[in-house]
Amino acid sequence: MKKKLKSLFDIRASEPEGFTIVEVAVVMGVISILGSFAIPNVLNTIKLSRIEEAKALMNSYAADCLGQYRISTDIKEFNKKAPENLSKEKLKTLGYSVNPEKSKCSALSIKPLNERDKDLLYQMGFQIYEDNEIGSVKVFKEAIPSDNPNPRSLPSCRGWAGDNCGLSPEALAAIARLKQIAINKANCGSEITKKGMDKWTGPIKTWVPPEKGNAKDLGSCKFLDPPKCMFEGNEYRNCEEVEAARKRKYGALCEEWQRSKVVNKAYITSNANGETKSPECAGQLFWFHTGQQFDTKEDFEEKKESVKKTQCDIDKSNKKNTQFTGIYKIQPADGIKEPCGTTYHFCKGEALTSVEYQSSSCNKSSGGGGDGDNDQKEDDRGNVCPNKSYRDNQGIKCCPGRINRNCIKSRSYRSRTNMCKCWY
14 MKKKLKSLFD IRASEPEGFT IVEVAVVMGV ISILGSFAIP NVLNTIKLSR IEEAKALMNS
74 YAADCLGQYR ISTDIKEFNK KAPENLSKEK LKTLGYSVNP EKSKCSALSI KPLNERDKDL
134 LYQMGFQIYE DNEIGSVKVF KEAIPSDNPN PRSLPSCRGW AGDNCGLSPE ALAAIARLKQ
194 IAINKANCGS EITKKGMDKW TGPIKTWVPP EKGNAKDLGS CKFLDPPKCM FEGNEYRNCE
254 EVEAARKRKY GALCEEWQRS KVVNKAYITS NANGETKSPE CAGQLFWFHT GQQFDTKEDF
314 EEKKESVKKT QCDIDKSNKK NTQFTGIYKI QPADGIKEPC GTTYHFCKGE ALTSVEYQSS
374 SCNKSSGGGG DGDNDQKEDD RGNVCPNKSY RDNQGIKCCP GRINRNCIKS RSYRSRTNMC
434 KCWY
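Quick note on numbering: this note's numbering labels position 384 of the sequence shown as 397, and the sequence is numbered without any gaps.
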């Protein structure tokens, strides 16, 4: 019996230890299947954690930029600044790089460093702007996922930008509008501040916010009616208060000087930039025109143009009343309002266009004189003339479509140039 047991143990001891090839193959297959699920998920989890770290960095940059905006006095200078703690190397370790087109505080954006990560990593950024309706500074967050984003990245994207995960053109246009309004407001404020530093006396422009509900209104910097005024750099609600301040300091001397200009009905300010009396008027500029006083250059220029228009209307009426026939430019020609500077073809006092004049009785009668060439309908080359023709030393030619200016300006030129017979 002992020998049988001993032989049994000896047999088991002699059997080979370990797994068969089939068993090893099965185990390796199972491990590879499990790894195909587990390893990508582990890598994606690592990448998502890097996204969250990048979001934390962007939040710190936004806080830094908000602080810079609040203490900034010049929005143009602010737009040139970047976050003080912006680290491109740190972002690189997280798989991101700074978008070169948006690398400042006004608009900062980061994008995936490698193309292969764009299914999970997404472009994110922010813009600093001022809400003109409530007067507060805000941060607009934005994000742009890839065309085929990993489903696991979308919750992170929405966690950063909310509804702006995948920017719409409308949202971008709205932010661009608000930023432009902020620039316009800052420019207006800078202009007013400069007036104060220059010890300005006189009307000043005021910032007028955009009308609510009007997307096209970007605000404006203009003179109110009545305008606000400054006296030696100090702002007042209106110009009446400035007059009171001036009288307190200088008495009525400036007012008396203004009155002397107004009483002279023939007096017109010659300097387009205005005139003043120092120190009695504290540097405030005035403009005078035939008994009227103006506090702004714009009002003075409007008066001058109105006077010129009246003169032009009278000049045109005189040509009509005298039954004038011929080409004439309404005077004064430097006026910007019609009919100043307009050239008319008058036919017995009636103002016509050049086309109307060509077919008028005045034009036909003027063409009947001379050598009769104005009745020619074909030039020497056989071209049919649409209107009239004339003869020079080279033969018969068609009249030009446009009037030669020398024919208008010089009577002697008209007398020696046959081409002028096309119009005279």
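Even glycine gets a Cβ: it sits at the ideal position worked out from N, Cα and C.
Residue i - partner residues in DSSP beta bridges
i    : result
G362 : G362 pairs with nothing; no bridge assigned.
T356 : K342
A120 : K117, Q140
I281 : H302
G408 : D405
K151 : Y142
P125 : Y109
Inter-residue CB distance, residue i and residue j (contact presumed, cutoff 8 Å)
i    : j    : result
E204 : C234 : 7 Å
H358 : I340 : 6 Å
I217 : K241 : 5 Å
A186 : E155 : Actually they are not in contact, since the Cβ atoms of A186 and E155 sit about 13 Å apart, beyond 8 Å.
S108 : D132 : Before going on, a small fix: residue 108 reads as Gly here, not Ser. Contact doesn't hold; Cβ gap of about 12 Å is too wide.
C170 : P158 : 5 Å
G80  : N112 : Not a contact, Cβ separation roughly 22 Å.
M243 : W270 : The Cβ separation is near 19 Å, so there is no contact.
Separation of residue j from residue i, as counted between CA atoms
i    : j    : result
S85  : K207 : 16 Å
E224 : D230 : 6 Å
S149 : C178 : 24 Å
I77  : P352 : Sequence check: residue 77 is Asp here, not Ile. The alpha-carbon atoms of D77 and P352 are separated by roughly 60 Å.
D308 : A195 : 29 Å
C443 : M432 : No information on residue 443 is available, as it lies outside the stretch 14 to 437 that the chain covers here.
T106 : F91  : 28 Å
W220 : G202 : 7 Å
N284 : A189 : 41 Å
D87  : A199 : 7 Å
F50  : D144 : Legend: pLDDT at F50 = 46, less than 50; position of this residue unreliable, value from coordinates given subsequently. Cα to Cα, the separation comes out at about 48 Å.
N197 : G232 : 7 Å
A67  : I123 : 9 Å
Y142 : K89  : 13 Å
A265 : F301 : 19 Å
M71  : K310 : 49 Å
R272 : M210 : 29 Å
Q324 : P345 : 7 Å
V320 : V255 : 30 Å
A295 : E314 : 23 Å
F153 : G287 : 46 Å
N277 : K317 : 17 Å
A364 : C435 : 18 Å
D491 : K274 : The structure shown does not extend to residue 491, since the chain is modelled only from 14 to 437, so the question has no answer here.
R250 : E268 : 20 Å
S373 : C360 : 8 Å
R429 : T338 : 21 Å
K93  : Y82  : 11 Å
Per-residue DSSP class, three states only, for residue i
i    : result
S402 : strand
F307 : strand
F313 : helix
G108 : coil
I421 : helix
Y249 : strand
C242 : strand
D384 : Confidence is the limiting factor: at D384 the pLDDT is only 42, short of 50, which leaves the residue's position unreliable, though a coordinate-based value still follows. Note: D384 maps to coil in three-state DSSP.
C294 : coil
S85  : coil
I157 : strand
E288 : strand
I327 : helix
S372 : coil
N92  : coil
K131 : coil
W436 : coil
I349 : coil
L99  : coil
I64  : helix
Q271 : helix
A76  : helix
I416 : coil
A257 : helix
A265 : coil
Within-8 Å CB hit, residue i to chain D
i   : result
M71 : Note that chain D does not occur in the displayed structure, where there is just one protein chain.
Quick one: which unbroken beta strand (DSSP E) runs of 3-plus residues sit fully inside the stretch 160-238? Chain order, please. Runs found: 215-217, 219-221, 233-235.
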